[in-house]
Amino acid sequence: MTHQEILKKVEWKDLKSLSFKEMLIENNLTIPWFLISISLAYFGYYIIALPFSAFFFLTGLRQVHNGFHNSLGTNKFLTWLSLYINSILMMTSIHAVKFNHIRHHKYCLTDQDYEGKSAGMTWYGAILYGPVHMFLIHKVTLQIGNKNYKRNVILELISIVIFAAIVFYFRIDFLIYHIIVMLVGEFLMAFIN
Numbered sequence: 015m016t017h018q019e020i021l022k023k024v025e026w027k028d029l030k031s032l033s034f035k036e037m038l039i040e041n042n043l044t045i046p047w048f049l050i051s052i053s054l055a056y057f058g059y060y061i062i063a064l065p066f067s068a069f070f071f072l073t074g075l076r077q078v079h080n081g082f083h084n085s086l087g088t089n090k091f092l093t094w095l096s097l098y099i100n101s102i103l104m105m106t107s108i109h110a111v112k113f114n115h116i117r118h119h120k121y122c123l124t125d126q127d128y129e130g131k132s133a134g135m136t137w138y139g140a141i142l143y144g145p146v147h148m149f150l151i152h153k154v155t156l157q158i159g160n161k162n163y164k165r166n167v168i169l170e171l172i173s174i175v176i177f178a179a180i181v182f183y184f185r186i187d188f189l190i191y192h193i194i195v196m197l198v199g200e201f202l203m204a205f206i207n
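Right, dumping it as C-alpha cells:
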C-alpha cells in the first residue's frame, strides 16, 4: 500500500467541529486537576498534590494548544479568555507561547523557530536551556509580534505579576506552592517540547 493510499484510508477527525459534549470537555479539562491540586496544597499535602499539579499543567498545555488553533469550539472572545486565564494559572504569557507555536509551524526547525530550538539538544541540555527558552519566547513576541500579540503579552505579564505579588504579599501558602510548581513546569518546556 502506498503512502497516498494509506492517507486516503485515514478518517481525519481533528479540526472538525466539536459536539456540545466535546466542547464542554475541551474547555473544562483542566478544572478537576486544578481543584484537586489546590485543595491538597491548601491542606498542606504538597507531595500528594504534585501529580495533580502536573496533570493540570499538561491538560493546560493541551487546552491552550487547541486554543492556538481555534479548536476549542468557542467564539473568538471565549478562546482569548481561556488563553488569558491559563496565562495567569500557568505563570507565563500564553499569547507569547502561541506566537512562537504558530511560527514553529511556519519555520519548523529553522533558525526562526524558537519553539523548536531545543529539538537537537541532549535531554539535560534542553532542561538547562528551559529558563532561557521562556525568556526568549517572550522577547521574540515583544520584538516581532504584531500589535495584538504585544498588547496581549503585556496584559498577561502584568496580570501574572499582580497575581504573584498578591499571593506573596499575603503569604498564601497553597498558591505559593502552585506558582513554584508552574514555574518549574514552564522551565521544563524546552524539554517537554
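Numbering-wise, the sequence shown is residues 15 to 207 according to my numbering. Just so you know, even glycine gets a beta-carbon here, dropped at the ideal spot from N, CA and C. Every value quoted in this text rests on a predicted model; they were computed, and no experiment measured them.
Please report whether the beta-carbon of residue i lies at a distance below 7 Å from any beta-carbon of chain B.
i     : result
TYR59 : Of the chains in the structure shown, none is chain B; there is only one protein chain.
Within the same chain, show all residues whose beta-carbon is closer than 6 Å to that of residue i, passing over the 5 residues directly before and after it, in chain order.
i      : result
ILE108 : VAL78, LEU97, ASN100, SER101
ALA55  : ALA63, PHE188, TYR191
TYR60  : TYR191
Identify the continuous alpha helix (DSSP H) that holds residue i and give its terminal residues.
i      : result
LEU197 : 187-201
MET148 : 137-158
LYS164 : 161-183
HIS119 : 108-120
LEU75  : 60-82
TYR56  : 45-56
ILE89  : Note that residue 89 is Asn in the sequence shown here, rather than Ile. Careful: ASN89 lies outside any alpha helix (DSSP H) and carries neither H nor E.
LYS35  : 34-42
Going by CA-CA distance only, name the one from the options that's closest to residue i.
i      : options                       : result
LEU43  : SER173, GLY74, THR106, TYR191 : GLY74
TYR151 : GLY81, MET37, PHE201          : This sequence places Ile at residue 151; Tyr is not what is there. If we check each option's Cα against that of ILE151, PHE201 comes out closest.
ILE158 : VAL175, TYR138, TYR128        : TYR128
VAL195 : ARG185, GLY144, MET105        : MET105
SER31  : ARG76, SER132, PHE184, SER85  : SER85
PHE71  : THR124, ILE50, GLN18, LEU38   : ILE50
HIS115 : ILE190, ALA204, LEU171, LYS90 : ALA204
VAL198 : TYR143, PHE182, LYS161        : TYR143
HIS7   : ALA110, PHE34, TYR60          : With the chain represented from 15 up to 207, any question about residue 7 goes unanswered, as that position is not in the structure.
ILE45  : PHE57, PRO145, ALA68, THR16   : ALA68
GLU36  : THR88, GLU170, ALA133         : THR88
PHE221 : PHE182, SER33, ILE180, PHE66  : Because the chain is modelled from 15 through 207, residue 221 falls outside the range shown and cannot be assessed.
PRO145 : LYS161, ILE186, ILE206        : ILE206
Using 6 Å as the cut-off, classify the Cβ of residue i as near or not near the heavy atoms of the ligand MN, replying yes or no.
i      : result
VAL181 : Questions concerning the ligand MN fall outside what the structure shown contains, since it holds no ligand whatsoever.
Starting from the C-beta of residue i, find all residues in its chain whose C-beta is less than 7 Å away, skip the five residues before and the five after it, and write them out in chain order.
i      : result
PHE113 : THR155, GLY159, TYR163
ILE174 : SER101, ILE102, MET105
PHE82  : LYS112, HIS115, ILE116
Only counting the same chain, and skipping five residues up and downstream in sequence, which positions put a Cβ closer than 8 Å to that of residue i?
i     : result
ALA9  : In the structure displayed, the chain extends from 15 to 207; residue 9 sits before or after that span and is not available.
ASN80 : GLU40, LEU86
- Message: Could you check whether the segment 125-142 touches the segment 179-196, counting it as contact only if at least three pairs of C-beta atoms, one from each stretch, sit closer than 8 Å?
- Response: Cβ pair count under 8 Å is below three, so no.
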